[in-house]
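Just so we're aligned, residue 1045 is where the sequence shown starts under the numbering used here, counting upward by one.
Glycine included, C-beta positions come from ideal geometry on N, C-alpha and C.
The model shown is predicted, which means the values in this text are computed figures rather than measured ones.
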Amino acid sequence: MTWPFENDTSRVEKKLAGRSMKADRRRSIFIILTIALAVCLMGTLCFIYSAQQKKTLDNILGQYQAGCDGLTREEVTRLVDTGRFEEWGYTVDAGSVRHEDSVLKVSFVSPEMIDLMGYGNIAGAYPQAENELCIERSFFDYFNLPAEIGQTVMLNLGGGENRYTVTGILESESSSRIFTVWIPEIAVDTGSHQAPYELRFRFEGSQVMEPEMLRADIERFFAEMGIPADRTFYSSNYFGMVDLYLGSGMEIYALSVLIAVICAIVIYNIFYISVMGKMREYGRLKVLGTTPQQLKRVVKRERRFLTAMAVPLGLILAAVIARIAVPGYWSWRDNIRSAMVILFLTYGMVLAATRKPLSMVGKVSAIEAIRTTAYSGYQGRSISGQMHRRLTITRLALMNFSRNRKKAFVTALSLSLTGILLLCISAYANSVDVEEMARAQFGDRSQYLLQYEDYAGREFYEMQKDNPLGQDQQKELASISGVDYVTAYSMACVEIPAISEIPGNREHEPFIVRGIDREDMVKMYAGGAVLEGTADYRQLVEGSGILVCPSGSTLKEIYRTDYQVGDTVTVSCYNGQRKTYTVMGIVENVPICNTAHFFILPEEELSVLYPEISDFTGCVNLHTEQDSEQLRRAVFGAVPDERVGVSSLYDLTAELKIGMRGELTRLYSILVFIFVFALINLANTLITNLLTRQQEFGVFQSVGMSGRQLSRMLSFECLYYVEITLLVTLTLGTVCSMALCRVFDQIGMFGKLTYHFPVLQVLVFAAALLLVQAVFSVCAVRYTRRLSLVERIKATD
């Protein structure tokens, strides 16, 4: 605001700011680039996070809501013709078959079902004739077959070996050896793969309905259409996750603040050197009558203009990256809000970074300003009392490096932070043993795991009467060459009415109860594995006791229930029996298979619940010293029953490697952005030194310093930054990386971590720094040769 008695100098200030930016374009470009990169990184994180959230919600809300099975084709048509469905699709599960050491999931799916469930695109066409099929692309990759439409393959899909024509290829990736095979509907109609139909749908008007009301409407619809409740099902993904808390995004905002702080350090350094270098100009303006407030306004105009140029550029780049990374999930509302937060955060960062340089502009006197150089504020502290010193190239370089300790510290800090982060990320990547992580999550640390394939409830009970994992099967598996030993575990399937009655839980929810003998009880639940109460086998048998394994907070989160020592658990069996047990212990999860077991009984109690079952084996682990293709085929060949699923450690390891690769790619991408900030800071420091010391270089060369010696001196100055960065990286970075790996090891999320120093990554980092040093040395020498010695000795403004 300009008072009536004041002169309006805004036009002059605007011209001075414009001339200053034009005269120092290099600095302006550096500032715009730095701010734009920071905004781009923050925007990319926020925009991609928002897109992923929207994608997750769309996947949840866009799925089916309910369905029914055991239908005929006529019943499917009758239900669809009511017009009550917004989207629908039907399918027939023709079971699974084994093909060598893989599993083929055979089914018919209608075109509507493919869209509803988001199964993916088909290259070619869906099969129509009985001898045609559509198969997953990964199948051809695994068996080294050409992924060509029109070729014929020999497969046994349940009716003996037949030749099938491939009319379509499902474009989906599978890291396991379980492949999808789609057959035509005529194969179901003719009886070669006869099975009941299953219908899934999204109910009409569901977008504006509460989940409870929607479910009640669907239940009434099923009742009106005469569909029994035991043939209906509801999507747990939809009804259980529609109100899912997907996170507040605080970790993204925290990371954005970290990026802003790093960017502020760089901008502070650039503005500081710029202001110090222009002190003579500011001094002249003060002599002419310019006030400190007017000088500050000139610098503020520069700051506002550069920020206004950089922020939109960064946001546009971030939007482009986000649209490419997660196409189709752009949210204007969320992203505009994020952009406003980034705008205010960035401007606050620039204000904080330029506060000190602004105060310097206002405080310096006219006489001091005319005498000031970029280093004059630091020369007094670095003058040595030593009368005679040997001036070597390295000593001169060190003197110049330490002349402005604050600037050198800030530059080295930004580079060192990159090195520390690099060492932490690389040490984590090198120390995580993916196979060990997979082994910790797979069975009882076995190589192969056999368990009932997607069977639960009454089907599980009926199958156990003639157990396909019984003693005969276990003996055959143990006799396979390469199998060291076999471990088997008992379990039974029950219902817990108290849990099913909780609102939001599924009716007749089946639970697998693990049965453990006396010897295994002592081994598994010794020491810290018992969180509360006791796991004494005798006390459990005599007191009708049961152990509860909450698996962290899984039991509470999924089934909305929790148990304490002394509570009772009533189990309902599929043979009509019921029995009540007392919770005597709360224990940690000791994995034996891929299924979570929340309840554990003494093994002999299973016979009390189901006296008609003689063998309760529900999980078999094969332990081998080494895996091989021959062993894999032998294991699959030894299990003829298609109801038994065979999993291998190799498959889980492959999936975890893919996940790790994606996570490390994201971490290294963030690190590259931070490294770019640090390089901009280093380049600005070195180039500013080069420009402001031309007179000094001219004096050195006038008293005998050669061009080669000047080049070496500049090279050593840059080398000091490299040496300090590597020193901090190798010391503080090593300590931080070891601490990080130790914390992750104690958490146990990534299995057991054995620290491995990332030699290769550190060498690459050092090579990148040395490359920057070499490029700067070459450019510096070429620049100094552009001016004559006389031109450099002249005092420059």
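For residue i, which residues from the same chain have a beta carbon less than 7 Å from its beta carbon, with the 5 sequence-adjacent residues on both sides left out?
i	result
Asn1165	Glu1215
Leu1123	Leu1243 and Met1269
Glu1180	Leu1214, Ser1216, Ser1218, Phe1223 and Thr1224
Leu1797	Ser1475, Val1476, Cys1785, Phe1788 and Asp1789
Leu1763	Gln1817
Tyr1694	Asp1671
Arg1367	Trp1374
When you compare only the Cα positions, how much space is there between residue i and residue j?
i	j	result
Glu1118	Gly1203	26 Å
Val1566	Arg1687	32 Å
Met1269	Arg1244	15 Å
Leu1060	Ile1731	24 Å
Asp1606	Tyr1625	15 Å
Val1613	Glu1545	13 Å
Phe1156	Glu1131	Correcting the residue identity first, residue 1156 is Glu in this sequence and not Phe. Going from the Cα of Glu1156 to the Cα of Glu1131 covers about 8 Å.
Arg1207	Ala1298	58 Å
Arg1483	Pro1802	24 Å
Ser1426	Lys1450	Low local confidence applies: a pLDDT of 48 at Ser1426 is under 50, so the model's placement there is unreliable, and no value is given.
Gly1424	Lys1340	The predicted model places Gly1424 with a pLDDT of 46, which falls under 50 and marks its position as unreliable; any figure quoted below should be read in that light. For Gly1424 and Lys1340, the distance between alpha carbons rounds to 26 Å.
Thr1024	Gln1109	This structure gives no information on residue 1024, because the portion of the chain shown stretches from 1045 to 1841.
Thr1335	Asn1733	29 Å
Phe1007	Glu1346	The requested residue 1007 does not occur in the structure, where the chain is confined to residues 1045 to 1841.
Asp1685	Tyr1186	23 Å
Ile1702	Met1757	48 Å
Tyr1373	Leu1160	18 Å
Tyr1827	Ala1354	28 Å
Arg1221	Ala1173	26 Å
Val1845	Ile1437	One cannot answer for residue 1845 here, as it falls past the ends of the chain, which runs 1045 to 1841.
Leu1148	Pro1228	16 Å
Pro1240	Leu1696	32 Å
Gln1195	Phe1183	14 Å
Anyone know if the C-beta pair for residue i and residue j falls short of 8 Å?
i	j	result
Gln1491	Asp1671	yes
Ala1138	Phe1152	yes
Ser1458	Tyr1799	no
Leu1513	Thr1661	yes
Ile1464	Gly1777	yes
Cys1593	Leu1493	no
Ala1471	Ser1713	no
Ile1630	Gly1577	yes
Thr1088	Ile1365	yes
Tyr1618	Ile1543	no
Gly1111	Phe1277	yes
Gln1518	Val1530	yes
Cys1084	Leu1442	no
Ile1718	Thr1462	yes
Val1615	Ile1540	yes
Arg1710	Ser1692	no
Ala1579	Glu1632	no
Closer than 6 Å by C-beta to residue i: which residues in its own chain qualify, once you throw out the five before and the five after it? Chain order, please.
i	result
Gly1212	Ile1166, Gly1168, Ala1169, Tyr1170 and Cys1178
Ala1678	Ile1524
His1641	Ile1556 and Arg1558
Val1286	Note that Val1286 scores 49 on pLDDT, short of 50, meaning its location in the model is unreliable and no value can be drawn from it.
Arg1830	none
Lys1600	Asp1606
Ile1271	Cys1112
Val1375	One point to set straight first is that residue 1375 is Ser, not Val, in the sequence displayed. Here the set comprises Ser1094 and Lys1098.
Met1086	Ser1300, Ile1303 and Ile1386
Compute the beta-carbon to beta-carbon distance between residue i and residue j, rounded to the nearest angstrom, for a pair I have assumed lies under 8 Å.
i	j	result
Leu1723	Val1816	6 Å
Leu1700	Met1481	6 Å
Ile1560	Cys1537	Going by Cβ atoms, the distance from Ile1560 to Cys1537 rounds to 16 Å, so no, they are not a contact pair.
Val1806	Thr1773	7 Å
Met1568	Val1652	Incorrect: roughly 21 Å between the Cβ atoms, too far for contact.
Arg1275	Gly1114	5 Å
Ser1382	Ser1146	Not really, about 45 Å apart at Cβ, beyond 8 Å.
Ala1080	Leu1395	17 Å between Cβ atoms; not a contact.
Leu1011	Met1628	The structure shown has nothing for residue 1011, since the chain only spans 1045 to 1841.
Gln1096	Val1370	6 Å
Val1150	Asn1200	With 8 Å as the limit, Val1150 and Asn1200 do not qualify as a contact, their Cβ atoms being about 10 Å apart.
Taking only beta-carbon positions, decide if residue i is within less than 8 Å of chain B.
i	result
Ser1490	The chain inventory of the structure shown lacks chain B, comprising one protein chain alone.
At what residue ranges does the segment 1519–1598 contain a whole run of the beta strand (DSSP E), taking only runs of 3 or more? 1527–1539, 1554–1560, 1574–1577 and 1589–1592
Starting from the N-terminal side, write out each stretch of the alpha helix (DSSP H) that is 4 residues or longer and does not extend beyond the segment 1073–1141. If you keep only unbroken alpha helix (DSSP H) runs of at least 4 residues inside the segment 1073–1141, you get 1117–1124.
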